[in-house]
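For what it's worth, the numbering used here labels the leading residue of the sequence shown as 1, then goes sequentially. Yeah, the Cβ is synthetic: ideal placement off N, Cα and C, and Gly gets one too. Here the structure is a predicted model, which is why all the values come from computation and not from measurement. Structure first, then comments.
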Amino acid sequence: MTITLYDCASAPSPRRARILLAEKGVAHETVAIDLRSGEQLGEAYRRINPQCTVPALRTDDGLVLTDNAGITAWLEARFPEPPLLGRTPAERAEVASWNWRVEFEGLMAIAEALRNGTPAMAGRALPGPVDYAQIPELAQRGLARLQQFLLTLDARLADHPFVAGAHFSVADITAVVAVDFARVVRVKPGEQHPNLLRWRAAMAERPAMAL
């Protein structure tokens, strides 16, 4: 089976897919999509993913997945080892819960701040095929939410080695991407986040995190 990942090296969402594929040890081909030039909005890419977003994953048997939720679910089912969505019903629930929290409280907060506060993104406040106007107040709210997210994550990691509990999971992948991408809005963990810094240092020892 040939797996193709439509990717962009500078964007956080495809990085999640890259890390997941690496952690699973799944070989794949890569097609780079240039978001800066708007390639994702062109006809060629729309035929692959009408949502005009990356990542997208395509297999040679016709499967096309256009978001991280679908990509993660398929990879876990198709390549179950190592398990990254939990091993037991309780673990699966914790992973799902924390992965959602990191997306909503972390990545979405960064997106609010970036897309509503960056002049270059005027008219592109949301990804996808439809243009939306910026709301400057959301940029400020996003920064406040992001600061709270870092405190929440630090508190969680005070007595857990990984975001979702005792084992490395997709929630850690999402959290690494969120914490690293916060730099685009000039936010990063500091001395007030000792547990978060300890966890991020441990994550850096995993080769996939360099992707």
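The alpha helix (DSSP H) that contains residue i, what's its start and end?
i, result
"I173", "V170 to F181"
"M108", "M108 to G117"
"R46", "E43 to I48"
"M203", "P194 to M203"
Start and end of the beta strand (DSSP E) containing residue i?
i, result
"I3", "I3 to D7"
"R58", "A56 to T59"
When the Cα atoms are used, what is the spatial distance from residue i to residue j?
i, j, result
"A33", "W98", "First, the amino acid is wrong: residue 33 is Ile here, not Ala. So the alpha carbons of these two residues sit roughly 29 Å apart."
"A124", "V187", "For the sequence presented, residue 124 should be read as Arg rather than Ala. Using only the alpha carbons, I get a separation of about 22 Å."
"L107", "A178", "5 Å"
"A17", "L5", "8 Å"
"S13", "A210", "15 Å"
"A93", "Q51", "28 Å"
"V185", "D131", "22 Å"
"Q40", "A96", "29 Å"
"E103", "R115", "16 Å"
"T88", "A166", "12 Å"
"S10", "T53", "13 Å"
"I110", "C8", "18 Å"
"L197", "L143", "19 Å"
"R101", "H160", "16 Å"
"F79", "I71", "12 Å"
"G42", "A90", "43 Å"
"A122", "A133", "6 Å"
"G204", "E191", "One detail in the question is off: residue 204 reads as Ala in this sequence, not Gly. If you take the alpha carbons of A204 and E191, they lie about 18 Å apart."
"G62", "H193", "45 Å"
Using the three-state DSSP reduction, which class does residue i fall into: helix, strand or coil?
i, result
"A125", "coil"
"A32", "strand"
"G25", "coil"
"G70", "helix"
"F104", "helix"
"V64", "strand"
"F149", "helix"
"G165", "strand"
Compare the beta carbon distance of residue i and residue j with 8 Å and say whether it is the shorter of the two.
i, j, result
"L153", "A175", "yes"
"V170", "L85", "yes"
"R141", "E105", "no"
"V26", "L75", "yes"
"N195", "A164", "no"
"N68", "P55", "yes"
"I19", "L57", "no"
Looking only at C-alpha atoms, which of the options sits nearest to residue i?
i, options, result
"A208", "A77, R58, E23 and A122", "E23"
"I135", "P82, A113, T72 and G128", "A113"
"T118", "L138, A77 and P80", "L138"
"E29", "M1, P82 and R46", "M1"
"A202", "F181, I173 and L63", "I173"
"Q148", "P55, L126, P129 and P189", "P189"
"L21", "A77, E191 and R47", "A77"
"P60", "N68, Q192 and I48", "In the sequence under discussion, the amino acid at residue 60 is Asp, which differs from the Pro named in the question. Nearest option by C-alpha distance: I48."
"F168", "R183, R200, A182 and L150", "R200"
"G38", "E81, A155, P127 and F181", "P127"
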